[in-house]
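These notes are about the structure you will find just below.
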Amino acid sequence: MDNKTTQLRSYDNTCRSTINAVITITALCIFTIAGCQQQGRGLLGEKRPLTKDERMKWWRDARFGMFIHWGLYAVPAGEWKGKRIDGIGEWIMERADIPVSEYEPLTKKFNPVKFNADEFVRIAKNAGMKYIVITSKHHDGFCLWDSKVTDYDIIDASPFKRDILKELSKACKKQGIKLCFYHSIMDWHHPDAQRPFYPNYNDTKQSNPNFARYVDNYLKPQLKELITNYGPLGVLWFDGEWIKDWTEPMGKDMFNYVLALQPNIIINNRVGKGRKGMEGLSKSEEYAGDFGTPEQQIPATGLPGVDWESCMTMNNTWGYKSYDHNWKSTKDLLHKLADIASKGGNFLLNVGPTAEGLIPGASVERLAAMGEWMEVNSESIYGTTASPLGKVSWGRCTAKPGKLYLHVFDWPTNSKLEVTGLKNKVKKAYLLADKKRAKLSVRREDEDKVVVSVPSEAPDAINTVVVLEIKS
Ligand code: H79
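Numbering (the numbering used here), first residue to last: 7 to 478.
Spelled out as structure tokens, the structure:
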């Protein structure tokens, strides 16, 4: 009964209708639900689901988060048996055709004694990030917490024997950062999942006849552990949903299962089968999930009413690779942050800690530099919505009620910043970095064009924000 009632309840107030698989539900169940909802309590004792807008509020305001890909793959760090393995580091088990019998012993070498959860969280917070999404379990199946349903975890299998997620959960709580988990649906280690497909763990044409057993006895209990013992969580970030065994009804069931455990949690669209490849947005509203997940890319435009988050690496890998030095510049990263915010999305920027437990120096430096910009300019990112001006020639634009933030990447050479597409009266213009908010003069040149007089030199070489207070 628990499953059925869960399904009914969780379609949240936007009511994604199609209440499937509940045809046989008894009147008793229905009365139970009605009773619980009237009291404002869920069946598991929590408050009943909020509206989607209420659930998404903190996430939409946050705009910037840290992705952490960390696991056994940090030990080989991109090399296997003396050879450099192409591709993303966390896929080395698949890319180098490593059997479980040879991959498992990496647990003995995973001893990240330099790990300091407070330091990880501090690095994220100082960058201006509001949430952290860490791999509780990636496709290789290794678990960063003390899972009761497996010994393939940090406590039972590694010499480290410290619960990484517990330490992060405490540090996040202390520093006011939302903790979120990435959890892979696909599992190359579990015999009832993709393990038997070796050497093609990612073979999308095969299915495992015992997959339902993996979902019921392993995947779901793990999620329950994570939500119950490490929560409340901000987001559950699923991945690996493209496998043949996983179906949209299973995705909806999982969505409901998770919401029943924590009604205000946010779940990405990879819980189901609706994602359009790496572009990441959902094919339609019919599919499960709260937000779209473009991977390593930024949509050309925003989509009104659609929540999305671009996840991206700073070099070419998610999991640590010792020889990947192809780092994006701070300028590029800050421009991406403004670009994403100007289209109404979130930026989930990745770090891949080493097997010693450190975030690579190149990442730390870039995050610190982003933090310096955010320290001055975060008002133009947090809680903003997409640009009402469309494309602007000199940079990007974000908005709040009564305010436009002009993110100027290319500073005008003649001290005249032209803003086209703006019919509203401009009440005041100033540089966001200017604490005194000294007025910049504004001249209307056309029905839909104003010109702001700005200093001859760009105050910030990467992105200077000019604020326009406008009459709505
Ligand atoms: O965790 C990081 C990567 O390890 C993981 N996602 C990020 C966040 C990732 N898994 N796979 N990939 C990245 C690339 C794989 C893409 C493919 Fe497919 C899987 C090609 C075919 C199957 C998904 C489904 C993308 C296109 C179709």
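For glycine and all other residues, C-beta sits at the position ideal for the given N, C-alpha and C.
**Top-ranked residue by Cα proximity to residue 415, from 476, 390 and 338** = The shortest C-alpha separation from residue 415 is found at 338.
*What is the DSSP secondary structure of residue 416, counted as helix, strand or coil?*
The answer is coil: DSSP assigns residue 416 none of H, G, I, E or B.
Between which two residues does the alpha helix (DSSP H) containing residue 233 stretch?
Run containing residue 233: 226-236, per the alpha helix (DSSP H) assignment.
Practice prompt. Compare the C-alpha of residue 167 against each of 153, 175, 180 and 179 and name the closest.
Written response: Nearest Cα to residue 167 within the set 153, 175, 180 and 179: 153.
Kindly indicate which three-state DSSP category residue 341 falls into: helix, strand or coil? Of the three classes helix, strand and coil, the one that applies to residue 341 here is helix, per DSSP.
Expressed to the nearest angstrom, what Euclidean distance is found between the alpha-carbon atoms of residue 181 and residue 106? For residue 181 and residue 106, the distance between alpha carbons rounds to 38 Å.
Check this for me: beta carbons of residue 75 and residue 298, under 7 Å apart or not? No; because the gap between Cβ atoms is not below 7 Å, this pair is not in contact.
| field | Beta-carbon gap between residue 457 and residue 451 smaller than 7 Å | value | Their beta carbons are under 7 Å apart, which means residue 457 touches residue 451 by this criterion.
Next item on the list: State the CB to CB distance for the pair residue 254 and residue 279, rounded to an integer number of angstroms; the pair is presumed to be in contact (CB under 8 Å).
Entry: Indeed, because the Cβ distance is near 4 Å, the residues count as touching under 8 Å.
Give a single yes or no on whether residue 248 has its beta carbon closer than 6 Å to a heavy atom of the ligand H79.
-> For the ligand H79, at least one heavy atom lies less than 6 Å from the Cβ of residue 248.
Check whether the Cβ of residue 84 sits closer than 6 Å to any heavy atom of the ligand H79, and report yes or no.
Not under cutoff, so the answer is no.
Just the C-alpha distance for residue 189 and residue 397, rounded to the nearest angstrom, thanks. If I take the Cα positions, the gap works out to 36 Å.
**Report entry** Nearest candidate by alpha-carbon position, reference residue 272, set 221, 244, 222 and 70
**Finding:** Check the Cα spacing between residue 272 and each of 221, 244, 222 and 70: the tightest is with 244.
_Helix, strand or coil at residue 389 according to DSSP, with G and I counted as helix_ = DSSP places residue 389 outside both helix and strand once states are collapsed to three, so it counts as coil.
Span separating the alpha-carbon of residue 66 from that of residue 352:
Rounded to the nearest angstrom, the gap between the Cα atoms of residue 66 and residue 352 is 7 Å.
**Prompt:** So who's on the other strand from residue 452, going by DSSP bridges?
**Reply:** The partner list for residue 452 (beta bridge, DSSP) reads 455.
- Query: Quick check: the region 159-174 against the region 122-134, are there 3 or more CB pairs under 8 Å?
  - Reply: Flag = yes, the region 159-174 and the region 122-134 touch.
Cβ-based neighbour list, residue 447, same chain, cut-off 7 Å, excluding 5 preceding and 5 following
Result list for residue 447: 459, in chain order.
Below 7 Å between beta carbons: does that hold for residue 146 and residue 99? For the pair residue 146 and residue 99, the CB atoms are nearer than the 7 Å cut-off.
- prompt: Just to confirm, does residue 146 get its C-beta within under 6 Å of one of the non-hydrogen atoms of the ligand H79?
  reply: Outside the cutoff, so no.
Worksheet item: So what's residue 376 in DSSP terms, helix, strand or just coil?
Response: Helix.
Original post:
What is the rounded straight-line gap between the Cα of residue 83 and the Cα of residue 115?
Top reply: C-alpha of residue 83 to C-alpha of residue 115: approximately 12 Å in a straight line.
Might you give, ordered along the chain, the residues of its own chain that have their beta carbon closer than 7 Å to the beta carbon of residue 81, omitting 5 neighbours on each side? Sequence-distant partners of residue 81 (beyond 5 residues in either direction) whose C-beta falls short of 7 Å from its own C-beta, in its chain, are 112, 115, 116 and 361.
What's the call for residue 421, buried or exposed, on a 16-neighbour Cβ count within 10 Å?
Per the 10 Å Cβ criterion, exposed.
message: Taking only three categories from DSSP, how would you classify residue 193?
response: Residue 193 sits in coil when the DSSP states are folded into three classes, being neither helix nor strand.
request  = Within 10 angstroms of the Cβ of residue 479, are there 16 or more other Cβ atoms? Answer buried if so, exposed if not.
outcome  = Absent from the structure is residue 479, since the part of the chain shown begins at 7 and ends at 478.
Skipping 5 residues on each side, what residues in its chain have a beta carbon closer than 7 Å to that of residue 440? Excluding positions up to five away in sequence, the list is empty.
Enumerate, from N- to C-terminal direction, the unbroken beta strand (DSSP E) stretches of 3 or more residues contained entirely within the region 135-208. For the region 135-208, whole beta strand (DSSP E) runs of length 3 or above, ordered along the chain, are 137-143 and 184-190.
I want to check one thing, is the minimum distance from the CB of residue 151 to the heavy atoms of the ligand H79 below 6 Å?
For residue 151, the shortest C-beta to heavy atom distance toward the ligand H79 is 6 Å or greater.
Select from 63, 59 and 95 the residue whose C-alpha is nearest the C-alpha of residue 330.
If we check each option's Cα against that of residue 330, 95 comes out closest.
Ranges of the beta strand (DSSP E) found wholly within the region 76-145, counting only runs of at least 3
For the region 76-145, whole beta strand (DSSP E) runs of length 3 or above, ordered along the chain, are 137-143.
Discussion item. Please list the terminal residues of the continuous beta strand (DSSP E) segment that includes residue 432.
Written reply: Here the beta strand (DSSP E) through residue 432 covers 432-437.
Residue 186 versus residue 157 - alpha carbon distance: Rounded to whole angstroms, residue 186 to residue 157 spans 23 Å at the Cα level.
*In or out: residue 269 buried (at least 16 other Cβ within 10 Å) or exposed?*
Looking at its Cβ environment, which holds 16 or more other Cβ atoms inside 10 Å, residue 269 is buried.
- prompt: Expressed to the nearest angstrom, what Euclidean distance is found between the alpha-carbon atoms of residue 463 and residue 469?
  reply: Roughly 12 Å between the two C-alpha positions.
Please list the terminal residues of the continuous alpha helix (DSSP H) segment that includes residue 357. That residue, residue 357, is in no alpha helix (DSSP H); its beta strand (DSSP E) goes 352-357.
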